[in-house]
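The block underneath contains the structure these notes are about, expressed in structure tokens.
Number of protein chains: 2
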Amino acid sequence: MAAPIEFYFDFSSPYGYVASVKIDAIAAKHGREVLWRPYLLGVPFKKAGIQPLVNVPMKAEYSLRDFARNARFHGVEYKHPTRFPTGTTAAVRAFYWIESTDAARAKAFAQALFRVYFIDDRDISDPETSVAVSATLGFAADTVRAALADDAVKNRTREIVDAAVAKGAFGSPFFFVDGEPFWGSDRLDQIERWIATGGW
Amino acid sequence: MAAPIEFYFDFSSPYGYVASVKIDAIAAKHGREVLWRPYLLGVPFKKAGIQPLVNVPMKAEYSLRDFARNARFHGVEYKHPTRFPTGTTAAVRAFYWIESTDAARAKAFAQALFRVYFIDDRDISDPETSVAVSATLGFAADTVRAALADDAVKNRTREIVDAAVAKGAFGSPFFFVDGEPFWGSDRLDQIERWIATGGW
Chain A
186 MAAPIEFYFD
196 FSSPYGYVAS
206 VKIDAIAAKH
216 GREVLWRPYL
226 LGVPFKKAGI
236 QPLVNVPMKA
246 EYSLRDFARN
256 ARFHGVEYKH
266 PTRFPTGTTA
276 AVRAFYWIES
286 TDAARAKAFA
296 QALFRVYFID
306 DRDISDPETS
316 VAVSATLGFA
326 ADTVRAALAD
336 DAVKNRTREI
346 VDAAVAKGAF
356 GSPFFFVDGE
366 PFWGSDRLDQ
376 IERWIATGGW
Chain B
186 MAAPIEFYFD
196 FSSPYGYVAS
206 VKIDAIAAKH
216 GREVLWRPYL
226 LGVPFKKAGI
236 QPLVNVPMKA
246 EYSLRDFARN
256 ARFHGVEYKH
266 PTRFPTGTTA
276 AVRAFYWIES
286 TDAARAKAFA
296 QALFRVYFID
306 DRDISDPETS
316 VAVSATLGFA
326 ADTVRAALAD
336 DAVKNRTREI
346 VDAAVAKGAF
356 GSPFFFVDGE
366 PFWGSDRLDQ
376 IERWIATGGW
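For the record, the sequence lines run as chains A and B.
Going by this note's numbering, the first sequence opens with residue 186, and the numbers climb by one from there.
Going by this note's numbering, the second sequence opens with residue 186, and the numbers climb by one from there.
Structure representation (structure tokens):
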């Protein structure tokens with residue numbers, strides 16, 4: 186059985202959100218699984234001296250237009266969040282805590298988290314948003330709050346983020362397909378061909 | 186008659202090169218012309234504080250891989266140039282001087298210039314390369330050398346570059362389709378739909 190497609194993303198990334206709606210179907214068409222890997226884009230950005238698009242003159246205005254236009258092109262509902270970009274540490278910790286007991290519900294959490302940010306415009310930097318989203322998946326609020334404060338959860342999150350950056354991930358979405366890196370939702374067509382053909 | 190698609194690019198841009206091989210056919214399929222507009226990416230980069238991809242840690246290694254892989258994906262012959270990125274001022278001036286007498290030959294010059302850089306690995310920062318390429322299109326070497334030193338040619342080049350940046354161009358390729366900006370060779374599919382449908 187081939188290894189899963191590794192899908193790294195930041196919860197506050199519009200292109201990561203669009204990719205999250207698309208990648209499972211692309212992989213499934215070719216009999217592949219996807220390993221969802223939220224991470225914290227601030228870590229590679231700091232390491233490499235990269236600024237968020239909306240902090241860069243000229244790119245900022247273009248990107249705000251492209252975020253919405255690109256989502257519409259792909260048929261993905263999108264409302265630009267009031268708080269953008271935003272911190273996602275609590276959301277990433279919640280994801281990996283849920284994943285440690287139930288990978289399917291972790292993916293459901295990620296999908297729901299993206300929707301509350303990019304459709305409902307809620308503040309995902311607030312840990313209570315992750316608590317509320319987790320509750321819709323059956324996790325008791327106090328249990329989630331305890332997990333978010335748990336050093337083991339924090340350490341596991343940090344290890345995953347650091348390993349992603351060590352492997353070369355610096356954007357969102359960022360994929361590894363059998364070790365081959367692909368950056369951007371605009372590489373989904375190339376990812377599909379890579380999966381289908383083993384490279385070119 | 187609809188206005189032409191404006192196609193801005195830097196002669197030392199791998200993604201601009203790939204787009205140059207693709208854009209005419211996409212436009213022609215929908216009865217549109219393309220206005221080729223070489224410009225100098227250093228100008229918006231300086232204005233916006235943008236670094237070339239190969240100067241940014243992490244992005245550099247990925248980009249070198251993606252330049253070649255993306256070209257192969259699109260079926261475009263590509264050899265990464267020894268001198269990269271490089272100055273293209275002479276090439277841009279030669280283009281606009283040729284265009285002032287013959288737009289078709291200006292496009293042929295641009296296509297040939299891309300090939301000598303991305304296939305033959307020649308030094309396009311050297312004005313003599315533009316002189317030699319122009320010679321293959323029937324322009325006498327001394328006439329081209331005189332044009333490259335002509336203040337009117339320099340001024341026209343500067344005006345076109347400055348106008349592009351004032352309109353918001355900061356990358357290569359960068360397109361305007363009926364005023365709508367698109368950045369990147371990975372937006373060719375969106376450009377085609379925009380031309381076909383008038384937007385979405």
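Backbone N, C-alpha and C define an ideal beta-carbon position, used for all residues, glycine too.
Sequence-distant residues of its chain with Cβ nearer than 6 Å to residue i (five each side left out)
i, result
"A:Pro199", "Phe252"
"B:Thr342", "Val277, Arg278 and Tyr281"
"B:Pro229", "Val350 and Phe355"
"A:Ala329", "A quick correction: the sequence has Val, not Ala, at residue 329 of chain A. For A:Val329, where only same-chain residues beyond five positions count, the Cβ hits under 6 Å are Val316 and Ser319."
"B:Val338", "Arg278, Trp282 and Ala332"
"B:His259", "Val203"
"A:Ala325", "none"
"B:Tyr302", "Pro266 and Ile309"
"B:Ala233", "Phe355"
"B:Gly201", "Phe194, Asp195, Ser357 and Pro358"
"A:Ala256", "Val203 and Tyr263"
Neighbourhood of residue i by C-beta, 8 Å cutoff - its chain only, sequence neighbours within 5 removed
i, result
"B:Ala289", "none"
"B:Ile190", "Ile208, Ala212, Arg217, Glu218, Val219, Leu220, Phe360, Phe361, Val362, Ile376 and Ile380"
"B:Ile304", "Glu262, Tyr263 and Lys264"
"A:Arg222", "Glu191, Phe192, Tyr193, Phe194, Ile345 and Ala349"
"B:Asp306", "Lys264, Pro266 and Thr267"
"B:Ala187", "Gly216, Arg217 and Asp363"
"B:Ile127", "Look at the range of chain B in this structure, 186 to 385, and you will see that residue 127 of chain B is not part of it."
Chain A within 8 Å of residue i, Cβ atoms only
i, result
"B:Ile235", "yes"
"B:Gln296", "no"
"B:Glu262", "no"
"B:Trp385", "yes"
"B:Asp371", "yes"
"B:Lys232", "yes"
Beta-bridge partners of residue i, as assigned by DSSP
i, result
"B:Phe367", "B:Phe360"
"B:Pro223", "B:Phe194"
Own chain, CB closer than 7 Å to residue i, minus 5 neighbours either side, in chain order
i, result
"B:Leu226", "Asp195, Ser198 and Ser357"
"A:Gln296", "Ser205"
"A:Trp368", "Gly356 and Phe359"
"A:Phe294", "Ala279, Phe280, Ile283, Val318, Ser319 and Leu322"
"B:Ala314", "Note that residue 314 of chain B corresponds to Thr in the displayed sequence, not to Ala. For B:Thr314, where only same-chain residues beyond five positions count, the Cβ hits under 7 Å are Val301, Arg307 and Asp308."
"B:Ala210", "none"
Cβ of residue i within 8 Å of any chain B Cβ
i, result
"A:Arg378", "yes"
"A:Pro229", "yes"
"A:Trp368", "yes"
CB contact check: residue i to chain E, cutoff 8 Å
i, result
"A:Lys207", "The chain labelled as chain E is not found among the protein chains of the depicted structure, namely A and B."
Closer than 7 Å: residue i CB and nearest the ligand ADP heavy atom
i, result
"B:Ala275", "Absence of the ligand ADP is noted for the structure shown, with no ligands found whatsoever."
Item to check | Residues of the stretch 339-358 of chain A whose Cβ lies closer than 7 Å to any Cβ of chain B, in chain order | outcome: Gly353 and Phe355
Next on the checklist: Does the structure place the stretch 309-322 of chain A close enough to the stretch 243-259 of chain A that three or more beta carbon pairs sit under 8 Å?
Outcome noted: Flag = no, the stretch 243-259 of chain A and the stretch 309-322 of chain A do not touch.
Item to check | Chain-ordered residues of the stretch 238-264 of chain A with a beta carbon less than 8 Å from chain B | outcome: Val241, Pro242, Met243, Lys244, Glu246, Tyr247, Arg250, Asp251, Arg254, Asn255, Arg257 and Phe258
Next on the checklist: Beta carbons nearer than 7 Å to chain B: which residues of the stretch 269-290 of chain A have them?
Outcome noted: none
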